[in-house]
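Trainee:
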Amino acid sequence: MMETISVPTSSHSEMVDITKQVEECVKKHEVTDGVVVVQSMHTTAGITVNENADPDVQKDMLMRLDEVFPWEHRKDLHGEGNTASHLKTSTVGHAQSLIIDKGSLVLGTWQGVYFCEFDGPRTRKVVVKIVEG
Amino acid sequence: MMETISVPTSSHSEMVDITKQVEECVKKHEVTDGVVVVQSMHTTAGITVNENADPDVQKDMLMRLDEVFPWEHRKDLHGEGNTASHLKTSTVGHAQSLIIDKGSLVLGTWQGVYFCEFDGPRTRKVVVKIVEG
Amino acid sequence: MMETISVPTSSHSEMVDITKQVEECVKKHEVTDGVVVVQSMHTTAGITVNENADPDVQKDMLMRLDEVFPWEHRKDLHGEGNTASHLKTSTVGHAQSLIIDKGSLVLGTWQGVYFCEFDGPRTRKVVVKIVEG
């Protein structure tokens with residue numbers, strides 16, 4: 288029970304709501320109870336669970352992450368110049384584990400699952416693995 | 288095997304040790320081996336595993352997180368004004384996975400499970416899901 | 288299906304690639320499908336998944352984490368003086384969940400599993416737990 292989701296991103300930094308795609312994987316496999324691991328297959332893009340209502344939250348989060356981990360840094364050694372993207376990915380996490388109960392993802396009222404693009408735009412790959420139990 | 292824990296918090300920022308409550312869920316279901324997912328049902332409060340001995344560690348962590356993600360930020364757009372809480376939640380994580388072995392949580396000597404309140408005080412909800420195996 | 292990996296570190300801050308050791312645990316137990324939880328047993332060392340190619344990425348990440356969470360801070364209360372290590376651990380995470388498919392760890396081309404030493408050098412302990420399914 289593993290699925291691959293393709294996530295096209297359209298900005299350099301972007302939080303894309305993938306809650307529906309993850310829920311569809313759960314429905315498709317008709318799992319009633321278990322855990323789902325949602326994993327970004329990249330090192331410059333991660334997964335987080337955060338606010339699904341006001342899109343300004345995502346804008347603020349991306350803006351502030353960019354201040355904490357600025358794109359340019361005089362001491363960076365990495366030739367590709369995207370050290371900040373790697374740091375943001377490890378900060379939010381490359382993957383998140385979610386709970387399935389009675390056939391649905393267990394999420395709070397305001398919780399959504401987000402793919403966090405930190406070095407786009409690109410077409411990205413997310414893997415969803417369900418373990419029943 | 289899913290349980291809900293209610294966590295009343297008493298400060299705006301606070302780390303509440305919920306290790307015992309999680310352990311009680313494991314004992315109650317008599318699971319000898321498996322994985323537990325401990326999930327905050329909120330977007331302004333998370334879960335982390337950190338030092339259970341000196342309470343000054345938690346004070347320092349909250350103080351420094353507040354410096355990295357200050358409450359007020361002139362560029363914030365989000366009307367509720369709690370962007371910092373959302374960022375801290377994604378930084379520590381909305382959930383953590385823990386290991387069960389021989390009927391107990393596998394934790395290092397100094398490791399405790401903490402509910403991280405970043406926009407309290409409130410009464411919060413944590414969900415604990417056990418997968419055997 | 289739980290294994291303990293010993294990780295000797297040689298610097299104060301260091302990212303040690305433990306992908307092979309985790310893969311060996313998966314092979315040893317002949318698991319074809321499931322989830323692995325890789326957990327640091329410490330509160331000043333964590334686990335992350337990040338770039339496995341250019342070692343400058345790890346150097347940059349450690350350097351920048353040190354800027355965001357400097358070793359010395361005039362407001363720190365914790366007597367051991369390693370508050371920064373605790374913060375870095377909660378930022379990257381004390382543990383990560385990985386997917387097993389067809390007997391192998393599911394990792395992107397550039398993804399490796401790293402033990403993150405934030406207060407070394409020491410000999411550290413990592414626990415690997417596999418849940419089939």
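Protein chains in written order, with this note's numbering: chain A, 288 to 420; chain B, 288 to 420; chain C, 288 to 420. For every residue, glycine included, the Cβ atom is placed at its ideal position computed from N, Cα and C. All figures in this text were calculated on a predicted structure; none of them were measured in a lab.
#1: Alpha carbon to alpha carbon, how far is residue 316 of chain C from residue 369 of chain B? Give it in angstroms, no decimals.
#2: Give, in chain order, every unbroken run of the beta strand (DSSP E) that is at least 3 residues long and sits entirely within the region 324-367 of chain A.
#3: Starting from the beta carbon of residue 346 of chain B, find every residue of chain C whose beta carbon is closer than 7 Å, and list them in chain order.
#4: So that I know if they touch, is there some Cβ in chain B lying closer than 8 Å to that of residue 289 of chain C?
#5: Between which two residues does the alpha helix (DSSP H) holding residue 370 of chain B run?
#6: Could one say the Cβ of residue 369 of chain B lies closer than 8 Å to chain C's Cβ atoms, at least one of them?
#7: Quick one: list the residues of chain E neighbouring residue 380 of chain C, beta-carbon separation under 7 Å, in chain order.
#8: With H, G and I counted as helix, E and B as strand and the rest as coil, what does DSSP make of residue 296 of chain C?
#9: Quick one: using the 10 Å Cβ neighbour count with 16 as the cut-off for buried, is residue 340 of chain C buried or exposed?
#10: Can you find the residues in the same chain that come closer than 6 Å, C-beta to C-beta, to residue 366 of chain C, ignoring five residues on each side of it along the sequence?
#11: For residue 257 of chain B, which residues from the same chain have a beta carbon less than 7 Å from its beta carbon, with the 5 sequence-adjacent residues on both sides left out?
#12: For residue 384 of chain B versus residue 344 of chain B, is the C-beta distance shorter than 8 Å?
#13: So is residue 322 of chain A in contact with chain B if we call contact Cβ pairs under 8 Å?
#14: Please go through the same chain and pick out, in chain order, the residues whose beta-carbon is closer than 6 Å to the beta-carbon of residue 338 of chain B, but skip the five residues on each side of it.
#15: Could you please give me the residues that DSSP links to residue 402 of chain A through a beta bridge?
#16: State the DSSP-derived secondary structure class of residue 315 of chain C, mapped to helix, strand or coil.
#17: Tell me, please, which residues DSSP counts as bridged to residue 290 of chain A.
#18: Below 8 Å on the Cβ atoms is my guess for residue 405 of chain B versus residue 375 of chain B; work out the distance and round it to an integer in Å.
#19: Under the assumption that residue 331 of chain A contacts residue 373 of chain A (Cβ atoms under 8 Å), give the Cβ distance between them as a whole number of angstroms.
#20: Counting only beta-carbon atoms, is residue 418 of chain A nearer than 8 Å to chain C?
#21: In the structure shown, what three-state DSSP assignment does residue 322 of chain B receive?
#22: Among C/389, C/357, C/381 and C/399, which has the Cα closest to the Cα of residue 411 of chain C?
#23: For the beta strand (DSSP E) that contains residue 385 of chain B, what are its first and last residues?
#24: If you drop the 5 nearest sequence neighbours on each side, which residues of the same chain put their C-beta closer than 6 Å to that of residue 299 of chain B?
#25: Using C-beta distances below 6 Å, list every residue in its chain close to residue 297 of chain A, excluding the 5 sequence neighbours before and after it, in chain order.
#26: Check whether chain B comes within 8 Å of residue 326 of chain C, counting only Cβ atoms and requiring the distance to be less than that.
#27: Whose C-alpha, out of A/390, A/322 and A/362, is nearest the C-alpha of residue 351 of chain C?
#28: Quick one: which chain B residues come within Cβ less than 8 Å of residue 390 of chain A?
#29: What are the residues that DSSP puts in a beta bridge with residue 392 of chain A?
#30: Taking all protein chains shown into account, do 16 or more other C-beta atoms lie within 10 angstroms of the C-beta of residue 377 of chain A, making it buried, or fewer, making it exposed?
#31: Go through its chain and collect everything with a Cβ distance to residue 308 of chain A's Cβ below 6 Å, but skip five positions before and after it.
#32: So is residue 301 of chain C buried or exposed if we call it buried at 16+ other beta carbons inside 10 Å?
#33: Using Cβ-Cβ distances below 8 Å, what residues of the region 294-306 of chain B are close to chain C?
#34: Measure from the C-beta of residue 405 of chain C to each C-beta in chain B and report whether the shortest distance is under 8 Å.
Mentor: Result, derived from the coordinates:
#1: Your numbering for residue 369 of chain B matches position 82 in the second sequence. Your numbering for residue 316 of chain C matches position 29 in the third sequence. So the two alpha carbons sit approximately 46 Å from each other.
#2: 332-338
#3: Here residue 346 of chain B is taken as the residue at index 59 of the second sequence, counted from 1. What residue 346 of chain B touches in chain C: 364.
#4: Taking the third sequence and counting its residues from 1, the one referred to as residue 289 of chain C is at position 2. By this cut-off, residue 289 of chain C is an interface position.
#5: For this step, residue 370 of chain B is matched to residue 83 along the second sequence. 370-379 is the span of the alpha helix (DSSP H), which, as asked, contains residue 370 of chain B.
#6: Taking the second sequence and counting its residues from 1, one reaches residue 369 of chain B at position 82. Not closer than 8 Å to any Cβ of chain C, the Cβ of residue 369 of chain B fails to qualify, so no.
#7: In the structure shown, chain E does not exist; the protein chains are A, B and C.
#8: One-based indexing of the third sequence puts residue 296 of chain C at position 9. Here residue 296 of chain C sits in coil by DSSP.
#9: As a first step, residue 340 of chain C is located in the third sequence; it is residue number 53 there, counting from the start. Exposed, because fewer than 16 other Cβ atoms sit within 10 Å of the Cβ of residue 340 of chain C.
#10: Here residue 366 of chain C refers to the residue found at position 79 when the third sequence is read from its first residue. Cβ neighbours of residue 366 of chain C beyond the five flanking positions: none.
#11: The structure shown does not extend to residue 257 of chain B, since chain B spans only 288 to 420, so no value can be given for it.
#12: Looking up residue 384 of chain B in the second sequence gives position 97. Looking up residue 344 of chain B in the second sequence gives position 57. Taking 8 Å as the Cβ cut-off, residue 384 of chain B and residue 344 of chain B do not qualify as a contacting pair.
#13: Position 35 of the first sequence, counted from the start, is the residue given in the question as residue 322 of chain A. At least one chain B Cβ lies under 8 Å of residue 322 of chain A.
#14: Taking the second sequence and counting its residues from 1, one reaches residue 338 of chain B at position 51. Within the same chain, residue 338 of chain B has close Cβ partners 344 and 397.
#15: As a position in the first sequence, residue 402 of chain A is number 115, starting the count at 1. For residue 402 of chain A, which the question treats as bridged, DSSP gives the partners A/303 and A/334.
#16: Residue 315 of chain C sits at position 28 when you count from the first residue of the third sequence. Here residue 315 of chain C sits in helix by DSSP.
#17: By 1-based counting over the first sequence, the position of residue 290 of chain A is 3. The partner list for residue 290 of chain A (beta bridge, DSSP) reads A/415.
#18: By 1-based counting over the second sequence, the position of residue 405 of chain B is 118. By 1-based counting over the second sequence, the position of residue 375 of chain B is 88. Yes, residue 405 of chain B and residue 375 of chain B are in contact; Cβ-Cβ is about 4 Å, under 8 Å.
#19: Mapped onto the first sequence, residue 331 of chain A falls at position 44. Mapped onto the first sequence, residue 373 of chain A falls at position 86. The pair is a contact, with the Cβ atoms about 6 Å apart (cut-off 8 Å).
#20: The residue you call residue 418 of chain A lines up with position 131 of the first sequence. Answer yes: the Cβ-Cβ gap between residue 418 of chain A and chain C drops below 8 Å somewhere.
#21: Indexing the second sequence from 1 puts residue 322 of chain B at position 35. If DSSP states are grouped into helix, strand and coil, residue 322 of chain B belongs with the strands.
#22: Against the third sequence, residue 411 of chain C aligns to sequence position 124. Among C/389, C/357, C/381 and C/399, the Cα nearest to that of residue 411 of chain C belongs to C/381.
#23: The residue given as residue 385 of chain B occupies position 98 in the second sequence. Where residue 385 of chain B is concerned, the enclosing beta strand (DSSP E) stretches over 382-388.
#24: Within the second sequence, residue 299 of chain B is the residue found at index 12, counting from 1. So the qualifying residues of the chain are 407.
#25: For the purposes of this step, residue 297 of chain A is taken as residue 10 along the first sequence, with counting starting at 1. Counting only Cβ-Cβ distances below 6 Å, and skipping sequence neighbours, we find 408.
#26: In the third sequence, counting from the first residue as 1, residue 326 of chain C sits at position 39. By this cut-off, residue 326 of chain C is an interface position.
#27: To locate residue 351 of chain C, count along the third sequence from 1; it is residue 64. The residue with the shortest Cα to Cα distance from residue 351 of chain C is A/362.
#28: Within the first sequence, numbered from 1, the residue matching residue 390 of chain A stands at position 103. Here the premise fails: no neighbours, minimum Cβ distance about 13 Å.
#29: Translated into the one-based positions of the first sequence, residue 392 of chain A becomes position 105. Partner(s): A/387.
#30: The sequence position of residue 377 of chain A within the first sequence is 90, counting from 1. The residue in question, residue 377 of chain A, is buried, as its Cβ has 16 or more Cβ neighbours within 10 Å.
#31: Taking the first sequence and counting its residues from 1, one reaches residue 308 of chain A at position 21. Cβ neighbours of residue 308 of chain A beyond the five flanking positions: 292.
#32: To locate residue 301 of chain C, count along the third sequence from 1; it is residue 14. Residue 301 of chain C is buried by the Cβ-count criterion.
#33: none
#34: Your numbering for residue 405 of chain C matches position 118 in the third sequence. With 8 Å as the cut-off, residue 405 of chain C does not count as an interface residue toward chain B.
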